[in-house]
Amino acid sequence: MPDASEQEYVEYLSGRLPMLHRLAYSLCGDIDQADDLVQETAVRLFERWSRASRADQIDAYVRVILVRLFLDGRRKGWWRIRLFGAPPDVRRTEDHGTEDRTVLRDALAKVAPRQRAVLVLRFLHDLPVDEVARTLGCSAGTVKSQTAHGLAAMRRLLGNRELMERGAVR
Amino acid sequence: MTTDEEDFAGLLRHLDDGPDRPSRVDLSTAIREARRRRRNRRTLTASVAGVAAVAAVAVVPLAVRADRPAEQGPPMAAGTSASASLPPPSSGPTTCTAELLPIPGGAHKSQVTGGDPTGRYLLGRSYPSSSFSYPVIIWDGDQAREVRLPGSSQQLVDVSPSGVAVGEAYVGDRPQPYVVRAGKATRLPGVAAGEATAISDDGRIVGARQDGDRRLPVLWSDPEKPAVDLPLPGPKWQGIAIGVDSDGTVVGKIQNGPHEALRAVVWRSGGKPELLPLPSVTGGTATDFAPKSFQGGWITGRAYRREGDGPVHAVRYHLARGEYVPLPAELNPSAGNGRGWMVGLVDHTWRPSRSAPGPAIGTGLLTDDGLVRLPDLDGRTGRYGADAVSISDDGQVIGGALDTKPGRQTIDMRAVRWRCR
Chain A
1 MPDASEQEYV EYLSGRLPML HRLAYSLCGD IDQADDLVQE TAVRLFERWS RASRADQIDA
61 YVRVILVRLF LDGRRKGWWR IRLFGAPPDV RRTEDHGTED RTVLRDALAK VAPRQRAVLV
121 LRFLHDLPVD EVARTLGCSA GTVKSQTAHG LAAMRRLLGN RELMERGAVR
Chain B
171 MTTDEEDFAG LLRHLDDGPD RPSRVDLSTA IREARRRRRN RRTLTASVAG VAAVAAVAVV
231 PLAVRADRPA EQGPPMAAGT SASASLPPPS SGPTTCTAEL LPIPGGAHKS QVTGGDPTGR
291 YLLGRSYPSS SFSYPVIIWD GDQAREVRLP GSSQQLVDVS PSGVAVGEAY VGDRPQPYVV
351 RAGKATRLPG VAAGEATAIS DDGRIVGARQ DGDRRLPVLW SDPEKPAVDL PLPGPKWQGI
411 AIGVDSDGTV VGKIQNGPHE ALRAVVWRSG GKPELLPLPS VTGGTATDFA PKSFQGGWIT
471 GRAYRREGDG PVHAVRYHLA RGEYVPLPAE LNPSAGNGRG WMVGLVDHTW RPSRSAPGPA
531 IGTGLLTDDG LVRLPDLDGR TGRYGADAVS ISDDGQVIGG ALDTKPGRQT IDMRAVRWRC
591 R
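Chains as they are written, first to last, in the working numbering: chain A, 1 to 170; chain B, 171 to 591.
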């Protein structure tokens, strides 16, 4: 029997699932891992819902849970334990530019997890530096330096900037 | 955002397509799972409540002791006996003030990346353009000297009391280890790719070499001689050396595979690797101990438990005594000194909102006497945007960076020195 707070939780999170899934997918680069990450985030959020629902920035709160679970998972390797047993049932559909995106996504997946999180939050989710710092629990200076390291790593991984310069993915 | 960052943001936005099938996340399952966990925790709490009530009487703030694994004793220094007692804790500084460090060629964004045990030298780099090639800086007191290393992402991370600095620079896609003597940079020999992380008072250098995706700890007993590998406990182990002293004792941070627990390891000159026992922290034995500094016989670093959302604890191990020594407060450390004192982030746990009660995030110095918050240039504490990365042995010189525009969207980090007394 759902109580009021449970209903509130479902209403809130249903609306946020696409955003969370997108963030998780950017971080993991893998659909199934992204599902696992969002599912675990949903569990953690419910465990803390009485506190979280009173926060004036629930979105930020949820993002913190997800990003830290991601980083924590990289450390512990829990993401290797499948929460969803079945293989993905839909393959990526081929479309124009998919190959370039794959190259880009592969490069991003090779960047160290913390740096990747900084790049994704800052540039893909447009969060200001201090918000990224709060999300990761580090200082703004660290976000700044992780950004620089992450960008340098991407540049190395993408080779001679050919991809960036020829504008193939634009 | 710099032009470079804007380019990258534009590029990265093409990844904003999201997965191409609907998410399988199921909220009713999530709620059931959360309730199940809550029930389990309650049962567990009830069963240990009696024990906890007794233990609580003896609890001191962050009591840290060594849990010695059965298969090995704690590493002890050669010849340790009754003589290996701790020096009496000397009182640490209680107040600090911040000052901007001079940057050659004007006031650029900058940061400190290391310092020497005497407090005379600080290391750093500046960001005069949006490229990833950074001039590195060695400060001798207030005298700044700019040094050019080849490649990109250059940084110097440690410097001896005689002013010899070590670090790395990327050339192509490979990190390269460098030593800087009298303003002249020389590549350290014997590795195809790698980094230098620390230098002893007498010029021994340690670091890591890159081996595919792994890093392996190495020692340069002399900057002219090729690096030698430091032995690891088994074939899957990997990691880096983080400190070396003038006896040739080296301390490292290693793990038995890429996602395994981080452990502190000691090599006594030329000896086998000795894993340090894991410390006890709030909630039980730490799963990971990641050493950050090895100075004056103290190994200082971060310990944490992987279960749950436990905090990062500052811990210190006195090598000659072979034990962990408690600290009077909490901190998420970034560096330690020769007295077992540390600098790092304080109250770094996330709060639901800025207006929520509780102390603000900040930077601090942790000594035997307690925690000192490091102030901004205007003397205030508790803002975002401060980093402390080095601490001298007397605790009187701390290197780091401060956001000189606190509270604004743009971050303007400048290299600073805190002077403490």
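No residue lacks a Cβ here, since even glycine has one placed at the ideal position from N, Cα and C.
Judged by DSSP in its simplified three-state form, residue 449 of chain B adopts strand. In the three-state scheme derived from DSSP, where H, G and I count as helix and E and B as strand, residue 108 of chain A is classed as helix. Interface flag for residue 425 of chain B against chain A is unset, since no Cβ pair is found closer than 8 Å. When CB distances to chain A are screened at a threshold of 7 Å, not a single residue of the stretch 495 to 511 of chain B falls below it. Exclusion of the five residues before and after residue 146 of chain A leaves 114, 115 and 118 as the residues of its chain whose Cβ lies within less than 7 Å of its Cβ.
Ranked by Cα distance from residue 108 of chain A, the options A/21, A/12, A/156 and A/54 are led by A/156. Between the C-alpha atoms of residue 283 of chain B and residue 7 of chain A there is a straight-line separation of about 50 Å. Residue 32 of chain A has no beta-bridge partner at all, per DSSP. Straight-line spacing of the CA atoms in residue 460 of chain B and residue 365 of chain B works out to 18 Å.
Within the same chain, Cβ atoms closer than 6 Å to the Cβ of residue 130 of chain A are found at 140, the five residues on either side in sequence being excluded. Taking a contact as a CB-CB distance under 8 Å, the pair residue 324 of chain B and residue 335 of chain B does not count as one, their CB atoms being some 11 Å apart. Assignment of residue 511 of chain B by DSSP, reduced to helix, strand and coil, places it in the coil class.
The C-alpha of residue 538 of chain B lies about 7 Å from the C-alpha of residue 262 of chain B.
Under the DSSP assignment, residue 125 of chain A falls outside any alpha helix (DSSP H); it carries neither an H nor an E label. Just so you know, the alpha carbons of residue 426 of chain B and residue 471 of chain B end up roughly 19 Å apart. Within chain A, the residues whose beta carbon sits less than 7 Å from that of residue 203 of chain B are 43, listed in sequence order. Against chain B, the CB of residue 14 of chain A has a partner CB under 8 Å away; the residue lies at that interface.
Between residue 402 of chain B and residue 443 of chain B a beta carbon distance of about 6 Å is seen, short of the 8 Å cut, so the two are scored as contacting.
Look at the beta carbons and you see the stretch 46 to 54 of chain A touching the stretch 200 to 211 of chain B: at least three pairs across the two are nearer than 8 Å.
Distance from the CA of residue 468 of chain B to the CA of residue 549 of chain B, rounded to the nearest whole angstrom, comes to 31 Å. Judged by DSSP secondary structure, residue 151 of chain A falls outside any beta strand (DSSP E) and instead within the alpha helix (DSSP H) spanning 140 to 157. Chain A places a beta carbon closer than 8 Å to that of residue 515 of chain B, counting this residue as a contact.
Under the 8 Å criterion on CB atoms, residue 152 of chain A is classed as interfacial with respect to chain B.
Distances from the CA of residue 586 of chain B to each of B/434, B/409, B/395 and B/559 were compared; the closest alpha carbon is that of B/559. For a Cβ distance threshold of 8 Å, residue set 281 of chain B lies close to residue 145 of chain A, ordered along the chain. For the C-beta of residue 67 of chain A, not a single chain B residue is nearer than 9 Å; the gap to the nearest is close to 10 Å. Closer than 8 Å to the CB of residue 5 of chain A there is not a single CB belonging to chain B.
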